[in-house]
Amino acid sequence: MGPKKNPYLPEIVTVVRIIEETPTIKSLQVVFDDPERMKNFKFEPGQVGQLSVFGVGEATFVINSPPTRKEYLQFSVMKVGEVTSAIHELHEGDKLGLRAPLGNWFPYESMKGRNILFIGGGIGLAPLRTLILFMLDNRKDYGRITILYGARTPIDLCYKEDLKDWGSRDDVDLVLTVDNEYPGWDKKVGLVPNVLLEMAPKPDNTVAITCGPPIMIKYTLIALSKLGFKDEDIITTLERRMKCGIGLCGRCNIGSKYVCKDGPVFSLAQLKSLPQEEY
Amino acid sequence: MERIGFLKKEKIEEYLQSLSKKGELYVPVDVGRAVKFEKYLTGSSICLDRPPTLPPKSVIYPQSERLFKFKFKKDEGNVDLIEIEEVEDTKKRIIFGARPCDSAGFSVIDNVFIQTDTPDVYYERRRMNSFIAAKACDKPSAGCFCIAVGGGPFDDSGSDALITELEEGYLIEAKTEKGSLFLDWELIEPGDDHLEKKLKKKEESERLLSEYLGELKKIEPLDPKTESFNDENFWKRHLSKCISCGLCTYLCPTCYCFNITDEKKIFEGERIRSWDSCMFFHFTLEASGHNPRPDKFKRFRNRVGHKFMFYPEKYSQLIACCGCGRCIRFCPVSVDIREVVFELQKPRRV
Amino acid sequence: MPQESKKELRIIGFLCNWCSYGGADTAGVSRFKQPTDLRIVRVPCSGRVDPLFVVRAFLSGADGVLVSGCHPRDCHYSDGNYYARRRLEMLKRLLPFFGIDDRRFHYTWVSASEGERWQRVVTEFTKVIHGLGPLKIEEGEEIG
Amino acid sequence: MVELKEKISEVFRDTNLVICWREGFDPIHATPHFVREESQIEDSIFNLFCVHNLCVYLPFLKEKAGILVKGCDSRTLIQFLQEGLIRREDVVIIGISCRGIIDVGKLMREVLYEAVTGVSIDGDSIKVKTVSREREFQLTSLLADKCKICRYPNPLIYDHLIGEPVESKVSWDMAYEDIREFEKKPLEDRLSFWTKEIGKCIRCYACRNACPLCICRDRCIAETRDPHFTSQSVELKEKFMFHFIHAVHLAGRCVECGECERACPVGIPVKMMKKKINLEMKELFDYETGINVDDKPPMYTFKAEEEKIKEHEL
Amino acid sequence: MRVGVFICHCGNNIAGTVDVQKVAEEMRKIPGVAYSTTYVYTCSEPGQNEIIEAIKKYKLDRVVVAACSPRMHELTFRKAVEKASLNRYFLEMANIREHISWVGDDKELNTQKAIDVVRMAVAKVMNNKPLFSSSFKLTKRVLVIGGGVAGMQAALDCADGGLDVVLVEKSPSIGGMMARLDKTFPTIDCSICILGPKMVDVAQNERIKLYAYSEIEDVKGYIGNYEVTIRKKATYVDWNKCTGCGLCMEKCPSKNAYDYFNFGIAPTRAINIPFPQAIPKKAKIDPNYCRYFLKGKCGVCAKICPTKAIDYDMKDELVKEDVGAIIVATGYSLMGVENFPEYGGGKYKDVITGIQYERILNASGPTGGHIKRPSDGKEPETVVFISCCGSRDKSVGIPYCSNFCCMYIAKQAILTKDHLPKSQSYVFYMDIRAPGKGYDEFTRRAQEEYGVRYIRGRVSKIYPRGEKLIVRGADTLLGIQVEVEADLVVLANAVISNPDAAKLAEKLRISYDTFGFYVESHPKLRPVETNTSGVFLAGACQGPKDIPASVSQGSAAASKVLALFSKDVLESDPQVSYVNPNVCVGCMKCVKTCPFGAIKEEELRDGRKVAKVIETVCAGCGICTSTCPCGAIQLQHFTDNQILAEVYAFASGK
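Residue numbers (this note's numbering), protein chains in the order written: chain A, 11 to 289; chain B, 635 to 984; chain C, 47 to 190; chain D, 445 to 758; chain E, 209 to 862.
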């Protein structure tokens, strides 16, 4: 066996494009400086990466471009703390560190042939986006695809290009909602869990996948259970403060599971077997 | 392959000097109101008569270490480039005078840091290059409970050699191949004659500890279904007095949680990994201000859970506690983790 | 004034915007020559100077730290230098307890019109620091 | 002891929470005891091992509480009141006149940390039984250092008082002799003293969290990056930085209860730094912490004319 | 991050002693610096354009200009970066002129210093955040404190400009010091004759609400939105009923009341109208002398008053007024005669102060304008004036010049000669200060036309000899001792601040100097502004000044207020403190130390109590930030991390 790979060493990537999604969210498209690495890089939908701004630190983001489209890797970053603020200061051409792929992924194999219900809020659409695009690239493998996506205001909706595309497709049902009435907004108004209850999707042969702010996830899980979804069919991705990304540093655990390594994708059934914590 | 040798008391200094030539030697030293493992220098007086205040954890797993350095460069187009320079530490380290519980602590960390598909290369490198000789304990210290968690005052797990202090000298038993480092010296005399005395001592020591512990003799891993575990009031009742410092974790031979931070100067910087403590608010604080473990009760629950429930779940029912008792002995408000674990198990016991 | 030696020491100064920074400007406008060791940080008020900035500067390699504000009663914010005076005096008395010569830290008052006074403060403080030489604090444990 | 329990019962009826002591994991350790049920009163004790300053819990308590304080601890309450950190009506104070407590750390070191199985006190002597033998000490030799120079053996503020008043013959100068002695050393010796002592620090923050006046606790700037006063590296200067933060933030606030020093696992004389500042506070502002509720902590006020601060000449 | 660094040559001012090219090169090496250049005059229009172009071309998001002092050009460059659509707070300046090139000769060391200082600025700018000001409404009313000539002028000008004015006067009548003067220099026109009509204007102006015999109790709020509490002191006379007929004053049996208006030169009645032209012309009782208050019985005035205006039970009354700006025109006080024992002040009745002599000269004064000396009512033949009594005397703690004494001494000497042609005046002086228009001519007239004898020297002693006072002093020009036998000695006593000046300053949160005079924002460029925005100064409260200067300042302050009120909303300075409620532990130490009362306690939804900054009140000093132990309150643009970044950058220069 050769020398072991040092899991803490980032690889250098270059920012090739920056998309301003909302006033507080930017998407970065990056490529490895090593073209071979870019070519051979493999990951699964839902896996995350640790982006390094050298001198500032690392933070975890889901790779939200799908494995089926590999000209670049896309990350979406909401400006909340030190690292994310530094990422927001980046320009095209700037260098970053990346440790990826990390963590588990959506069990898309077992979802084959089933209907898929995506429920996203705010930047929580990011992990869903990778799976949505992946499924659309393998459309025939899946049944009906419904996407419920909400944000505070229309300005806060991410991936506006994608939303336009999904909205115009016949093989996707897209429902958009914002929290409050907004001038010029002609789609739904209301909180995601409430709109979900109103939509009342049938749980038969359907997998629900949700991600969003903690409070939205909490009530969406309740709503889904109320609608009759089985715990095994409810899938969410969790966020935690992470440092090592490889299950060692000890902060992202929920019981014996490490969100960085055993997650971030969990079914509600799995979550229920863990000690109660605030998600 | 077990080998036994004997070192006369008066030869200890000479012996340590020889050892220190084989690698960086760490011995427990009285630094004034505390005993700490320090690099052996000629003339250092080794302190073996009491348990070290701090375990030798930091010798192999330093409180802060550089993971790599980075340098900023510019290319002709004035683009900032980054060069990463990995830090590789291949120094040989020798620990002489750890306690059996201290060595057992390394075994606990080994499972996490080495027995994984993404091993921590820094720890692994140091661990592989280190030699540990533990000194068996004659008498229990305040708060000791190693036998309750599967260890013992003469336990040798995690050690390369075991030392027993006898009246006229030290009996040294190599427990691994690496352990012969402690025996391959002219100073060492044959030791088999002293084995009986050692066994007697061992018996006596175990008896003393067992008597001291009374009914707290055995701690089992916690059942994930333990009822009180999710009961907020339980933790309030037992942990209101906790002041949420990190003493217990920093003194613990088995605690390994860490933080990673960047420090930058103008043209260069480094990524540092440093000990962190699950008792700290900042440990799980997210950038958004959200904190999944916002109060000391949740944090302590996680600490107890980690050692007695989550770890055993992952590593075939092993407890991530070596029973050294430091967290009890030195806790400023005398929180007793044994008491908490026992209370958690009470309903089942009854 | 001719430089006696090109060997500079590390001196940092925290100057309030309204008086002392202006005083240093006045000294400049009047071409009052000064030693070059000092590097100035502009703060709104001497009351903004946390004693810990001074400590941090020493621990990061400063050989001398100077704080200058408005004369008592002349504070632009009326009370800032009063607080500064108490806190910095406390620090000045604490530093030698840790073995750092208190002459390495000086706080004083220079108004915007006192260019000459500023020149004197800088010149003399620099001389004091050169007299004391570089501050040596052990590196201690090298990180692994 | 009967009196103690009676008082606690009385206060408990009013507050539903009394913070006191009970016996800890061995005979030489007491531990803070939060009485929330009547049945818990029975466990409460007061003896030579009740070393903790229980006031440390008060500023974070969201409820009314009864609390037990020794003379030295009571200064904490006065300091809290000065700074507005607690409301007087939220605490019911049971004061205890105190003849001194044991330095448990010292005792443990004396017996080489051997497990203690029994203790008996007879007059001025204390018998300590460990697993292997029994030893007898003079009580005074084990008294905590702070008790030897205690000027306030009687609580300065209380609603109920237990015990006969104790007289103290300690003067201000006696109490600060150690600081003045230390200051006689040359600068280099002082620096190397602290280099050695602070070099031991493991930044476990026990000193900080045991300090009742360190009210930032979880938000301490020793752990943050905004502001970024110090890094997480173990380099000596970073440890120094932490101790300076600790000392400077306690300037004119430390009531010298000594909890920081007691909590420190590696025996750094953390209290010395604060005593030094207190000495200066007295000289500069004639201010002593935790004595009068109406005083103002000197770092948060000023005088236009400071009698004692002279402008420094270069 | 893409920082642009612009190093200014300032012609040869910087480039002469700093190798600017080298500085620019060193900066270019710094990671995050995308562009670094030099320019001959960065502040010039092409220089500024260079910055603007570079921001666009190189996509710069931060700018450092290394040039002169930020006190000089920070605003210039802030505006420049703003033109390139950068937030103005993304600019930092490094001062390499005043602090480097102009004060150091060694080019090599200067260059190294410049490299360090610019690097520190780069480090800081990388930590800068965009800041935005917020706007707020304002109350377009103005409070004028003090009804002397400066305050009246300010009030009238404001009213003329269409503003509602609240005028608060401490004494029973407006008019101030000028109302007490007999004539004014250098024109010798009658003081009350020119002031009187102005006083009437004030009284009659519908926009001016006058509170006489009232004081400022409390000031809350901030520029545009002050809430002022005024204490209307009890006069014991219902001014709504009082007609100012003066009957009560005539009949009042307490005839020994101290006459504040006349500086005690003669007694007045316990109930009095201070002077005939008083506005408002209303009576008030001095309870320190009134028999009713002292002995519990009398009531003569109550019986005699035709309108039944007397009210012995009257209490102080507090009223509130909302205003948007405050003009402080509280004037000055004078050292009392008893402060000059070396001159026999307080001991010899015929040693009086200049203002007392002014009242003696005045036709409406206690002597009806006849010069009679206080001791025996005789007309003096020899009058000695002594200048600089207290003023310019470090031994009494007054190093400053009282500004107008030289002039009024000349005036009073001239008037003395006019009144008593046979008299002879002497003036002991240190030097004559007469820099105003027509002033020097005036003092010459006194000497040349009126034969006033000026002796340059100090008086060492005054002692009585019979009915005369012997004034002994030195004539330093002749180098001899002189003695003058005087009938009356007039001391030009020093101008001092009002005894309650500091108290008022603290209420207004403005600065005052060692002597209690209020401090203007800038001695040359902002002479009527204070450091508290919305509070302006006029007249002698800022320092001794004469009538024309006071009047100009009154008008200047009024124009400042009018300019301020020409906007409908005000913009707050975003360089204020901000509390991160997630970090605040609620110890409220910042609340206690804020000199502006700009921080208050706030309860969050979860019940936690945290500090909160009132942006519009915060002046941006940052005392709170250095007070806060947990770093929760940060002064924007001077945050801990911004300053620490400079410290670390300084340190990494080693």
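For each residue, glycine too, the CB sits at the ideal point set by N, CA and C.
- Of the candidates G577/E, I518/E, S610/E and Y434/E, the residue whose Cα lies closest to the Cα of G805/E is Y434/E.
- When the five nearest sequence neighbours on each side are left out, the beta carbons in the same chain lying within less than 6 Å of the beta carbon of G134/A are those of C221 and G222, in order along the chain.
- Spanning the alpha carbons of V455/D and G510/D requires a straight line of approximately 6 Å.
- Secondary structure note for N893/B: its beta strand (DSSP E) is the uninterrupted segment F892 to K898.
- DSSP places R661/E within a strand segment (E or B) once states are collapsed to three.
- In this chain, T561/D is not harboured by any alpha helix (DSSP H); it is covered by the beta strand (DSSP E) spanning V560 to D566.
- S679/B does not reach chain D, its nearest Cβ partner there being about 15 Å away, counting only Cβ pairs nearer than 8 Å.
- Fully enclosed alpha helix (DSSP H) runs of no fewer than 4 residues occupy 691 to 694 of the stretch 673 to 697 of chain B, in order along the chain.
- By the CB criterion at 8 Å, L141/A and P55/A fall inside the cutoff.
- Less than 8 Å divides the Cβ of Y551/E from the Cβ of L699/E.
- Residue range K315 to V333 is occupied by the alpha helix (DSSP H) that includes K321/E.
- At least one CB of chain B lies nearer than 8 Å to the CB of C648/D.
- Between the C-alpha atoms of T169/C and P81/C there is a straight-line separation of about 6 Å.
- For N701/E, the uninterrupted beta strand (DSSP E) run begins and ends at L696 to N701, by DSSP.
- Separation of the CB atoms of S603/E and C613/E is rounded to 18 Å, and the pair is thereby denied contact status at 8 Å.
- Interface annotation, N790/E: in contact with chain B, CB-CB separation under 8 Å.
- By the criterion of at least three beta-carbon pairs nearer than 8 Å, the stretch 707 to 722 of chain B is not in contact with the stretch 725 to 738 of chain D.
- When the five nearest sequence neighbours on each side are left out, the beta carbons in the same chain lying within less than 6 Å of the beta carbon of L569/E are those of D390 and L623, in order along the chain.
- Across the set G219/E, Q361/E and F501/E, the C-alpha of Q361/E shows the shortest separation from the C-alpha of A757/E.
- Along the stretch 99 to 121 of chain A, the positions whose C-beta sits under 7 Å from a C-beta of chain E are E99 and H101, read in chain order.
- The three-state secondary structure of L796/B, taken from DSSP, is strand.
- Taking the C-beta atoms as reference points, L178/C is found nearer than 8 Å to R149/C.
- Going by beta carbons, A650/D and P709/D fall inside the 8 Å limit.
- Close to D71/C, with beta-carbon spacing below 7 Å, are these residues of chain E in chain order: S277, R279 and E306.
- Around the beta carbon of S114/C, 16 or more other beta carbons lie within 10 angstroms, which makes this residue buried.
- Close to chain B, meaning a Cβ-Cβ distance shorter than 9 Å, are the following residues of the stretch 56 to 72 of chain A: S62, V63, F64, G65, V66, G67, E68 and A69.
- Contact of M209/E with chain A by beta-carbon distance below 7 Å involves E99.
- One alpha carbon belongs to Y229/A, the other to P203/A, and they sit about 6 Å apart.
- When Cβ-Cβ separations below 8 Å define contact, D125/C makes contact with chain E.
- The C-beta of N497/D has 16 or more other C-beta atoms within 10 Å across all chains shown, which makes the residue buried.
- Within a 10 Å sphere around the beta-carbon of W616/D sit fewer than 16 other beta-carbons, which makes this residue exposed.
- In this structure Q60/A is in contact with A110/A, their Cβ atoms being roughly 7 Å apart against a cut-off of 8 Å.
- Spatial neighbours of V188/A in its own chain (CB-CB distance under 7 Å, excluding positions within 5 residues in sequence) are listed in chain order as G160, A161, R162, T163, P164, W195 and V199.
- Closer than 8 Å to the CB of F934/B there is not a single CB belonging to chain D.
- Bounds of the alpha helix (DSSP H) holding T584/D are L583 to L586.
- Assignment of T72/C by DSSP, reduced to helix, strand and coil, places it in the helix class.
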